[in-house]
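Enquirer: Quick one: the structure is below, and I'll ask about it shortly.
In our numbering, the protein residues as written are 28 to 123.
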């Protein structure tokens with residue numbers, strides 16, 4: 028039996044979920060920025076006989092935390108591409 032006033036509002040639940048996801052993405056972005064800002068101490072040392080391939084610093088990879096978040100990122104990229112194409116078509120149709 029549900030009490031009046033204690034029903035879950037689906038909009039509020041969705042806003043909370045989006046807020047959590049946004050916070051996680053913000054933390055991931057901050058972590059990636061911190062990792063890329065770290066200067067490799069071996070960069071200023073003289074070249075040694077160590078293989079250069081062993082010291083190559085790889086670019087950080089953003090691991091999307093869930094399938095839903097990955098789908099949202101892909102959907103946003105598709106929408107951005109469609110909007111860019113539409114804008115190009117509009118501007119290309121305007122005589123200069």
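Using N, Cα and C, we set each Cβ at its ideal position, and we do this for glycine too.
Do residue 48 and residue 96 have their CB atoms nearer than 8 Å?
Expert: Taking 8 Å as the Cβ cut-off, residue 48 and residue 96 qualify as a contacting pair.
Enquirer: Compare the Cα-Cα distances from residue 93 to each of 40, 44, 36 and 34 and report the closest residue.
Expert: When each option's Cα is compared against that of residue 93, the closest is 44.
Enquirer: When DSSP labels each residue in this structure, what does residue 50 get in the three-state scheme?
Expert: Residue 50 falls in the helix class under three-state DSSP.
Enquirer: Would you identify the three-state DSSP class for residue 84, choosing helix, strand or coil?
Expert: In this structure, residue 84 counts as coil in the three-state DSSP scheme.
Enquirer: May I have the straight-line CA-CA distance separating residue 116 from residue 110, to the nearest angstrom?
Expert: Each residue's Cα considered, the two are about 10 Å apart.
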